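*Asks:* Chains as they are written, first to last, in this note's numbering: chain A, 149 to 460; chain B, 3 to 271; chain C, 2 to 254; chain D, 17 to 288; chain E, 17 to 288.
We treat Cβ as the ideally placed atom computed from N, Cα and C, and that holds for glycine.
Keep in mind the model is a prediction, meaning the values are calculated, not measured.
Before I ask anything, let me first share the structure, which is written out below as C-alpha cells.
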Amino acid sequence: GGSADTAGVTSFDIAVSNASEPYSIPWLVGKDQGFFAKRGVTIGEIVPGKGGGTTVRNMLSGDLPMADVGFTSVLESSEAGTPLTVVAGATQSVYGLDFYTLAGNTRVQTINDVHKWAYTNPQSVTQALSYILPKVAGATQDIERVSSGGAGEGVALLEAGSVDVAVVPPSVVAKTGKFRVVVSSADHLKKFQQSVITTTPEFAERNPDTVKAVVAGYAEAVDFIRANPAKAAQLYADYIDIDVAAATTIVEKAISYDNWGAGFDAEAIQQAVDAQRLAMNRTDLKFCDLFQKTYLPANVPATLPAECEGTR
Amino acid sequence: MKTRSSVVPSYVRPTPRRVAGLPSPAWTVVLVIGTIAAVELYARSGAVSRLDLIPVSEMAARAIELLGDREFVVGALLRSVLLICVSFAASAVAGVAVAYAMARSRWMHRAVKPYVNVFYALPVFALYPVMVVMFGTGVLPIVLLATLFSVVIVISHALVGFESTPPIATKLARSLEMTRAQQLRKILLPAALPDILAGLKLGLAYAIIAVLATEFILATTGLGQVVNRAYNNFDTLDMYAGIVFVSVFALLANLALGAALSAFDWRRR
Amino acid sequence: MSARRSPGWVPPLVLAVALVAVWTVTAGLADSVVYPGPGEALRSLRSDITDSRFLGSVGDTARVLLLSYAAAIAAGAVTGMLLGLSAFWSRATLPVVYALNSVPKIVLYPIFLLFLGIGDLSRGSFAFVSGVLPMFLIMVEATAGVRRLHLKLSASLGMSRWSLLRRIVVPSVLPSLASGMRLCFGLTLIGLLLAEMFSGSSGLGYELLRNLSLARVENIIGQVLLIGVLALLPTLALQQLESRIRNRYEVSA
Amino acid sequence: MNTQTQAQRGTASTTTTPIVRVEGVEQHFGPVHALGPVDLTIGRGEFVSVVGPSGCGKSTLLEIIGALQDPARGRVEVDGAPLTGPRRRTAIVFQESATLPWRTVVDNVAFALEVRGVGRKERRDRARELVEIVGLGGFENHYPAQLSGGMRQRVAMARAMSMDPDLILADEPFGALDEQTRMLMAEELLRVVETIGCGVLFITHSIQEAVLLSDRVLVMGRRPGTFIDEVPVDLPRPRAHAVLAEPAATAAQERIWAQIRTEAEVAMRSER
Amino acid sequence: MNTQTQAQRGTASTTTTPIVRVEGVEQHFGPVHALGPVDLTIGRGEFVSVVGPSGCGKSTLLEIIGALQDPARGRVEVDGAPLTGPRRRTAIVFQESATLPWRTVVDNVAFALEVRGVGRKERRDRARELVEIVGLGGFENHYPAQLSGGMRQRVAMARAMSMDPDLILADEPFGALDEQTRMLMAEELLRVVETIGCGVLFITHSIQEAVLLSDRVLVMGRRPGTFIDEVPVDLPRPRAHAVLAEPAATAAQERIWAQIRTEAEVAMRSER
Ligand SMILES: Nc1ncnc2c1ncn2[C@@H]1O[C@H](COP(=O)(O)OP(=O)(O)OP(=O)(O)O)[C@@H](O)[C@H]1O
Ligand SMILES: Nc1ncnc2c1ncn2[C@@H]1O[C@H](COP(=O)(O)OP(=O)(O)OP(=O)(O)O)[C@@H](O)[C@H]1O
Ligand SMILES: [Mg+2]
Ligand SMILES: [Mg+2]
C-alpha cells in the first residue's frame with residue numbers, strides 16, 4: 149500500500165468486500181482497461197475483506213484509502229462513530245445474493261416454506277435480506293435465522309439439512325446441479341444499495357482529484373461491462389478460476405439486473421436503509437450525512453431518498 | 003549488606019534474595035503494574051486515538067460489566083467453556099490411549115511418531131468447513147478441531163512418560179509376574195503420570211487456543227467471536243474488554259488446572 | 002517382529018495409505034460439494050500450483066515466514082540466554098512471560114492490526130510473537146539448566162562472564178536451541194497462517210480463506226496438503242539437526 | 017525347612033538338593049556372547065557373591081536365574097525343579113531405584129503382596145511389621161524421594177522379605193550408596209538373611225562387601241564371563257565390619273583384587 | 017619450588033608457610049549452619065583427606081578454599097596470602113561429569129590453558145602430552161560420552177595437571193565409579209601427585225581410599241561439621257593397594273570407621 153495521510157496520493161490498493169463475487173468485476177475491468185490509469189491513479193491490488201465490517205476495518209487500519217464496501221457495514225460503522233464518507237455507489241442490486249436449497253429438497257418450494265434461514269455474518273447484507281425479503285414477499289410464518297459464518301459453511305449447513313435456505317455463491321451454483329433457487333432476491337427487490345465506494349472524510353478532502361478519478365474510472369468500467377460482457381467475463385473467470393461460460397452467465401445476468409452503478413439511486417438506498425432498520429430493529433438509523441455528491445461525474449444519477457433532501 | 007568484598011566469580015555466587023530491597027515476587031508485581039500503568043497513561047495522554055487504544059481501567063471495568071451481561075455469559079462464555087472442557091476431556095482420554103498403544107506396539111510407535119512430530123506445522127483450522135459438512139453446524143466441528151489440535155501434545159508428552167518408565171520397574175513387574183492390566187494400572191500409568199499431567203496442562207492451553215481461534219476466525223458464536231465482532235464493529239472498548247477477558251480467563255484456567263494437577267504429581271511430593 | 006525387519010518408513014506409509022483410503026470412502030459416501038475426495042483435492046492443487054497468483058502467495062508467505070522465524074529465533078535465543086544467566090531476574094520475569102504465553106494469541110491480533118496496519122508488518126509481527134515467546138522460554142530454562150558443576154569449573158579457572166557465555170553456556174544450550182528451533186518453526190507458521198486468514202491480501206492463509214468464501218473445499222484441502230508438505234521439509238531438516246546436536250553435545254549420549 | 021537351613025548355615029550343602037543349580041548356561045545377544053558357559057551351585061542358606069569387571073555378564077546370570085531372561089544354552093534348576101517362570105519364593109533386590117516413587121513406604125513394601133492378591137488390610141499389617149523390622153518405623157507414609165538412598169534400599173529389602181523367600185537374588189543393591197551407608201546396609205542385609213535363612217546370590221563391585229558378607233566369592237572374568245576363581249571366606253558368623261581387619265579377610269581381599277585388577281584395567285579402557 | 021616440595025613429601029611442614037591455612041571458618045545458608053568453625057593446615061606437598069557423613073559440610077569447606085564460596089566467618093590463606101579469588105595454581109578436580117561433553121578429550125584437557133589464553137598449537141601439544149601421561153593415548157579425539165567413567169576422570173586429572181598446580185582440591189572425584197575402577201584411579205592419582213609434588217585436599221566417602229592415599233585423614237562430624245578426629249597414616253611411600261593389608265592400615269581404617277559409624281547411622285535417617 150501507500151500512505152493515506154499525505155496529500156496527493158495517486159497509487160494505492162483498493163479494499164473490496166467479498167472480492168471473489170461480482171463486486172470485483174468493475175475494478176478488474178477498470179484496471180485492465182486503464183480507466184484509472186488514464187486519470188492518473190494506479191490501483192495496485194484488490195484487497196478482499198470478509199464481509200461485514202471487516203472491510204471497513206481493513207480500509208481504516210491498513211493504508212487502504214478507499215474501499216468498495218457493503219452499505220450496511222458503512223451504516224453500522226458510522227453509527228459506532230467512525231468518520232466515513234460515501235463518495236459513490238457501487239453495487240445496487242441484490243443479484244448474487246439468492247437463497248438456495250438442495251435440489252432434492254421437495255418440502256421447500258417458495259419463500260413461504262422457509263423456516264430456517266441462513267445468512268452469512270451479522271450485520272451483512274444477507275442478514276438484512278433475511279428480514280426484508282419475507283416482508284416484501286408477504287411471508288408471515290415464523291423464521292429462525294442462523295449465521296453461518298461464510299458461504300462455504302452455508303453450503304455445508306444446507307447439505308447437512310440444518311437449514312432450509314442459504315446463500316450459495318453463483319460460482320458454486322454454476323459448477324453443480326445440486327442447488328435450486330428458492331428466493332431470488334433480485335426479483336423481490338428491484339433495487340437495493342448493496343455496496344458503496346467509501347473513504348475517510350480526511351482523505352477525500354485532501355485528495356479530491358484522486359477520489360473523482362476513481363469514481364469516474366468505476367463509472368466508465370460499468371459502461372464498459374454493459375458494452376463488452378464477454379471481456380468482463382473473461383477477466384472475472386481468470387480472477388476466480390472458473391470457466392468462461394459460467395462467468396459469462398454471471399456477468400450477463402448481473403447486467404440484466406443493473407447490478408452496478410457509480411451514482412446514487414434514491415430507491416436503492418431507501419430500500420437498503422429500510423432493510424437495515426428492520427434487521428437491527430432500529431428505526432432512528434441516520435445515514436444522510438454520509439453521502440457526498442461532489443465526487444460524482446456528471447453523467448450518473450445523484451438522487452437521495454426523500455428524507456435526506458430536506459436536510460441538505 | 004556485604005561486610006567484605008566477595009572472592010567468588012559473580013556467576014557462581016548464591017542468588018540474592020532481594021534486589022534493591024525487594025524479593026523477586028515483588029519485582030514481578032512491579033513489572034506487571036508498571037506495564038499496565040504505562041499503557042493507561044499512554045491511552046490517557048491523548049497521543050493515541052480512542053479507536054486504537056483505551057485506558058486499561060476502562061477495559062477492566064467493561065470486562066467486569068460483561069460478566070453481568072446474560073447474553074454474553076450464556077451465549078458466549080458458557081458456550082466456549084463447555085466446548086473447551088469437552089475437547090480437553092476428549093483429548094486427554096484419546097491422547098493417553100494412543101500413547102499407550104504406541105508404547106506397547108513398536109509398529110504403532112513407528113507409524114504414528116513422524117506425524118506427531120510434524121503435526122503442529124499443519125493448519126488444521128482450515129479443515130473447519132469440512133467438519134461442518136460432515137458433522138453439521140452444532141458444537142461438534144469445533145470440538146473435533148480442538149480435540150485434534152490438543153490431542154497431539156497430550157500424546158507426545160504421555161509417550162515420553164510411558165517411555166521413561168524406569169527399566170527397573172518393568173523388571174520388577176516381570177519378576178512379580180504382573181498381568182498387562184496390572185502393569186498398566188500399577189506401573190506404567192503412575193510412572194508416566196507427571197509427564198501425562200504436563201501434557202494435559204499444555205493440552206488445555208491448546209484446546210483453549212483452538213476453540214477461541216476457530217470462533218475468532220471462522221465461527222459465528224462464542225468468546226472468540228465477541229472480540230472479532232467488536233473489532234469489526236469499531237467497538238474498541240468491547241474489543242479490548244473481550245481481549246482482557248479472554249486473557250484473564252485463559253490464565254486462570256491454566257493456573258487452576260496446573261494447581262489441580264500438581265496435587266497428583268508424585269514428583270512434587 | 003516383522004516390523005523390526007521392515008524399513009522405518011513403512012509403518013507411517015501404511016498408516017497414511019489407510020487414512021487416504023478412509024478419506025476416499027467417506028468422501029464417496031458423503032457425496033458433498035464441500036467434502037471432496039483425494040482425487041479432487043489433488044487436481045485442484047495441481048491447477049493451483051500452476052497459477053502465478055497462487056505461487057505469488059506461496060512466495061509471500063515463505064518470505065514473511067522466513068523473516069519472522071529468523072527474527073524470533075535470534076531474539077528469543079539471545080534474550081532468553083541473557084535472562085537465564087540471572088536466576089533472580091528469571092524468577093521475577095518468567096511468571097509474566099508464561100502468563101503471556103498461555104493467552105490464545107490470536108485474539109490479540111486485532112491490536113496488531115490497529116497499530117501496524119494490514120500487510121506484511123502486522124502479520125509478520127504476529128508470526129514473530131507466536132514464535133518468540135516459546136523460544137525465549139525454552140532458552141531461559143535451558144540457560145538456567147546449565148550444569149552447576151560446569152559453572153564451578155569455570156569459576157575455578159577464573160573465567161570471565163563473556164568467556165563463560167561463549168565456552169560453556171552456548172554449547173550447553175545448543176540442544177535446547179535446536180529443539181526450540183524445530184518447535185518454533187511450526188508455531189511461527191501457524192501464527193502467520195492464522196494472521197493471513199484473519200486479514201490479509203496475500204499469502205497461503207489468505208488463499209485458504211478466499212477459497213472458503215467461494216466454497217471451494219477441494220482447493221482448501223489441496224492447499225492444506227501442500228502446506229503440510231512445505232512445512233514437513235524444514236521440520237524434518239530441523240529434526241535431523243536436533244538429533245545430531247543431541248548426539249554430539251549431550252552427556253548421556 | 018527354616019530350621020533345617022538354619023542348621024546348615026555356613027556349610028555349603030552337598031547332601032540335600034541345592035537351592036540353585038546352574039549347568040553350562042550361556043547367553044548371547046545377537047552377535048554378542050555375553051555370558052558363559054558357567055556352572056554354579058548355591059546351597060540352601062548359603063551366601064554366594066559374584067564380583068567381576070563391568071559388562072562381564074553378572075546381571076545376565078542373575079536375570080537368568082530369576083527367570084527374567086531365557087538362557088541361550090544350559091540348564092537352570094531352582095529348588096530341585098527346572099525353571100518354568102518367575103518363582104513366588106525368589107525375591108530379587110534391585111538397585112535403590114527399584115522403589116516406586118509414587119507409593120509411600122508402606123505401599124512399596126506391600127506391593128508384592130498386592131500383586132499377589134493379598135487383601136488390603138492383611139498386606140498393610142504385614143508391611144507395617146516389616147517396616148519396623150528394617151528400622152523404618154515412623155517413615156511409613158513418607159515417599160521414597162523423602163528418604164535417603166540407604167533408607168530406600170531398606171524399603172526394597174522389606175519388600176523382598178514380604179515374599180517369604182527361600183532365595184534372594186541381589187544385583188548390586190548398594191551400588192548407588194556411599195561407602196559408609198553401604199557398610200551399614202551390608203550389616204543390615206546380613207542380619208535379615210540370617211533371620212530368614214535363605215540362599216543368596218549377591219552381585220557387587222565391592223570386594224570388601226563381598227568378603228564381609230559371603231561364604232564364597234566367585235570371581236568372573238571379562239566378557240563372555242566365566243568364573244576364573246572361587247575364594248572361600250572362612251570367617252565366623254555372625255559377622256560385623258570388624259572382621260575385615262582379620263588376616264583371613266585381608267588375605268581374601270588381596271587374592272580377589274589381584275585376580276580382577278588386570279581385568280578391570282582392560283575393562284576401563286574398552287568399556288564406554 | 018618443585019624440588020623443594022619434593023623434598024618435603026610426607027612430612028607436614030612446620031617451618032615453611034603451609035600451602036593452606038584455614039582459621040575459624042564457618043558457613044551458614046540462611047538458617048542452616050552448614051560448617052564449622054574449623055581450623056585446617058595443609059603443608060606443601062601434604063596429602064590430607066577428609067571423610068565424614070553426607071551433608072556435614074565437606075564440599076562447603078573445599079569450595080571455600082577454592083574461592084567458589086565466601087565463608088560467613090573466618091580466615092583462609094593459600095600460599096601465605098589471603099584469598100582474593102580463584103587462584104591460577106589451585107586445581108579443582110570435581111566428580112566425573114565435570115568434563116565438557118561437547119569437547120573432545122584433547123580439547124577438554126586443553127580447556128584450562130585455552131581460558132588462560134595459551135595459543136592453540138602450544139596448548140594442544142601440551143594437552144596431547146598430558147593425555148599420554150594419564151594413559152589415554154589413542155582416545156584424543158573421543159568425546160566424553162564415548163568414554164567410561166574412569167577414563168573421564170583421567171581427563172579431568174590431566175586438565176588439573178595442565179595448570180601446574182601447587183594445590184589440588186578434589187571433591188569425591190571417584191564417587192561415581194565402581195570400586196575396582198576407583199582403586200585403579202586412586203593409584204593413578206597417587207602417581208600424579210607424587211610427580212607434581214603439590215598439596216592435596218581430598219574429600220571422599222571411602223575410608224579405604226582415604227587411608228591408601230593420605231598422610232593424614234580428618235574425620236568430620238555431623239552438621240555443622242567440625243573435625244572430630246585426626247588420624248595420621250604412617251605407611252611408606254610410594255604406596256599401592258597392597259599396603260591396605262598392613263596392620264597400620266587396617267588399624268587406621270577401623271579407627272575411622274568407629275568414629276563415623278554413629279554419625280553415618282544418624283545421617284542415614286535424617287538426610288533426604
Ligand atoms: N538386552 C541386551 N542386548 C544386547 N546386549 C546386552 C543386553 N543385555 C546385556 N548385554 C551385553 O551383555 C554383556 C553383559 O551384560 P551384563 O549387564 O550382564 O553385565 P554386568 O556384568 O552386569 O555389568 P555391570 O557390572 O556393568 O552391571 C554386556 O556387554 C552388555 O552390553
Ligand atoms: N547453596 C546451599 N544452600 C543451602 N544449603 C546448602 C547449600 N549448599 C549446601 N547446603 C547445606 O549445607 C550442608 C553441607 O553441605 P555440603 O554439600 O558441604 O555437604 P557434604 O559434606 O559435601 O555432603 P556430601 O557428602 O553429601 O557431598 C548440607 O546440609 C546442605 O544441605
Ligand atoms: Mg549389572
Ligand atoms: Mg559434597
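Which bits of chain C does PHE155 (chain E) rub up against, with CB to CB less than 7 angstroms?
*Replies:* The contacting residues do not exist; PHE155 (chain E) stays about 16 angstroms from chain C at best.
*Asks:* For PRO69 (chain D), which residues in chain E fall below 7 angstroms Cβ to Cβ?
*Replies:* Going along chain E in sequence order, the residues near PRO69 (chain D) (Cβ under 7 angstroms) are GLN196.
*Asks:* Going by C-alpha to C-alpha distance, which of A:LEU337, A:ALA394 and A:THR347 sits closest to VAL103 (chain A)?
*Replies:* Beyond the ends of chain A as shown, which are 149 and 460, falls residue 103 (chain A); an answer cannot be given.
*Asks:* ALA213 (chain C) touches chain A at which residues, Cβ-Cβ below 7 angstroms?
*Replies:* Reading off the sequence shown, one finds Leu at residue 213 (chain C), where the question assumed Ala. Residues of chain A passing the Cβ test: GLY298 and GLY300.
*Asks:* Can you tell which of D:VAL209, D:SER164, D:ILE58 and D:GLY73 has its C-alpha closest to the C-alpha of GLN43 (chain D)?
*Replies:* Minimum Cα distance to GLN43 (chain D) is reached at D:GLY73.
*Asks:* Please look up how many angstroms separate the CB atoms of PHE89 (chain C) and VAL154 (chain B), rounded, as I've assumed it's under 8 angstroms.
*Replies:* Wrong, their Cβ atoms sit about 36 angstroms apart, outside the cutoff.
*Asks:* Would you give the residue range spanned by the alpha helix (DSSP H) that LYS74 (chain E) belongs to?
*Replies:* Start and end: 74–81.
*Asks:* For THR37 (chain B) and ALA209 (chain B), what's the separation of their Cα atoms in angstroms?
*Replies:* About 28 angstroms.
*Asks:* Does any residue of chain E bring its CB to less than 7 angstroms from the CB of MET2 (chain C)?
*Replies:* Any reading at MET2 (chain C) must be qualified, since the residue scores a pLDDT of 41, below 50, and its modelled position is unreliable; the value itself is stated next. Cβ-Cβ to chain E under 7 angstroms: no for MET2 (chain C).
*Asks:* Kindly identify the DSSP beta-bridge partner or partners of LYS264 (chain A).
*Replies:* A:GLU292.
*Asks:* Can the beta-carbon of VAL344 (chain A) be found less than 7 angstroms from the beta-carbon of ALA238 (chain A)?
*Replies:* Yes. Within cutoff.
*Asks:* Between D:ILE244, D:GLU279, D:ALA107 and D:VAL233, which lies nearest to ASP299 (chain D) when the distance is taken from Cα to Cα?
*Replies:* A question about residue 299 (chain D) goes unanswered here, because the residues of chain D that appear run from 17 up to 288.
*Asks:* State whether the region 172–180 of chain C contacts the region 135–146 of chain E, with contact taken as three or more CB pairs (one from each stretch) at a distance under 8 angstroms.
*Replies:* No, they do not touch.
*Asks:* Using the beta-carbon count (16 or more within 10 Å), is ILE52 (chain C) buried or exposed?
*Replies:* The sequence given here places Asp at residue 52 (chain C); Ile does not occur at that position. Exposed, by the Cβ-count rule.
*Asks:* Can you find a CB in chain E that lies within less than 7 angstroms of the CB of GLU42 (chain D)?
*Replies:* So no, GLU42 (chain D) is outside the interface.
*Asks:* According to DSSP, is GLN43 (chain E) part of a helix, a strand, or is it coil?
*Replies:* Note: GLN43 (chain E) maps to strand in three-state DSSP.
*Asks:* Looking at chain B, is there any beta carbon in it that lies within less than 7 angstroms of the beta carbon of ARG288 (chain E)?
*Replies:* Per-residue confidence for ARG288 (chain E) stands at a pLDDT of 45, beneath the threshold of 50, marking its modelled position as unreliable; no derived number is given.
*Asks:* So which of E:VAL208, E:GLU148, E:PRO240 and E:LEU193 has the shortest CA-CA distance to THR220 (chain E)?
*Replies:* Considering only alpha carbons, the answer is E:LEU193.
*Asks:* Have a look at the DSSP bridge pairing and note the partners of LEU200 (chain E).
*Replies:* DSSP lists no partner for LEU200 (chain E).
*Asks:* Beta carbon of SER164 (chain E): closer than 6 angstroms to some heavy atom of ligand 3?
*Replies:* Checking the Cβ of SER164 (chain E) against ligand 3 gives no.
*Asks:* How would you list, in chain order, the residues of chain B whose beta-carbon sits under 8 angstroms from the beta-carbon of GLN111 (chain D)?
*Replies:* What GLN111 (chain D) touches in chain B: ILE170.
*Asks:* Considering only residues of the region 18–53 of chain B, which uninterrupted alpha helix (DSSP H) runs meet the minimum length of 4 residues and lie entirely inside it, listed in chain order?
*Replies:* You should have 26–47.
*Asks:* Taking 7 angstroms as the limit between beta carbons, can you name the residues of its chain near GLY298 (chain A), skipping five residues before and five after?
*Replies:* Contacts found: THR268.
*Asks:* Tell me the residue span of the alpha helix (DSSP H) that contains ALA160 (chain B).
*Replies:* That run of the alpha helix (DSSP H) goes 142–165.
*Asks:* Are there any heavy atoms of ligand 2 lying less than 6 angstroms away from the beta-carbon of CYS72 (chain E), as far as the coordinates show?
*Replies:* It does: the Cβ of CYS72 (chain E) is within 6 angstroms (strictly closer) of some heavy atom of ligand 2.
*Asks:* Measure from the C-beta of THR266 (chain D) to each C-beta in chain G and report whether the shortest distance is under 7 angstroms.
*Replies:* In the displayed structure, chain G is absent; the protein chains listed are A, B, C, D and E.
*Asks:* For VAL231 (chain B), would you say it is in contact with chain C, using Cβ-to-Cβ distances shorter than 7 angstroms as the test?
*Replies:* The residue asked about is misnamed: residue 231 (chain B) is Arg in this sequence, not Val. Chain C contact via Cβ: absent.
*Asks:* Suppose you measure from the CA of VAL88 (chain B) to the CA of ARG207 (chain D); what does that come to, to the nearest Å?
*Replies:* Going by the C-alpha atoms only, they are around 57 angstroms apart.
*Asks:* For TRP29 (chain B) and chain D, any beta-carbon pair shorter than 7 angstroms?
*Replies:* By this cut-off, TRP29 (chain B) is not an interface position.
*Asks:* If we ignore side chains and look at the alpha-carbon of each, how far apart do THR216 (chain B) and ASN260 (chain A) end up?
*Replies:* Spanning the two alpha carbons is a distance of roughly 34 angstroms.
*Asks:* Can you list, in chain order, the residues of its chain whose CB lies under 7 angstroms from that of LEU190 (chain C), leaving out five sequence neighbours each side?
*Replies:* Around LEU190 (chain C): LEU66 and ALA232.
*Asks:* I'd like to know whether the C-beta of ILE119 (chain C) is nearer than 7 angstroms to at least one C-beta of chain B.
*Replies:* Judged by the 7 angstroms Cβ criterion, ILE119 (chain C) is not in contact with chain B.
*Asks:* Rounded to whole angstroms, what's the CA-CA distance from GLU279 (chain D) to ALA50 (chain D)? Just pull it up for me.
*Replies:* So the alpha carbons of these two residues sit roughly 16 angstroms apart.
*Asks:* When you compare only the Cα positions, how much space is there between PRO282 (chain A) and THR288 (chain A)?
*Replies:* If you take the alpha carbons of PRO282 (chain A) and THR288 (chain A), they lie about 7 angstroms apart.
*Asks:* Any chance you could list the alpha helix (DSSP H) runs of at least 4 consecutive residues sitting entirely within the region 43–105 of chain C, in chain order?
*Replies:* Listed in chain order, the complete alpha helix (DSSP H) runs (minimum 4 residues) inside the region 43–105 of chain C are 53–85 and 88–103.
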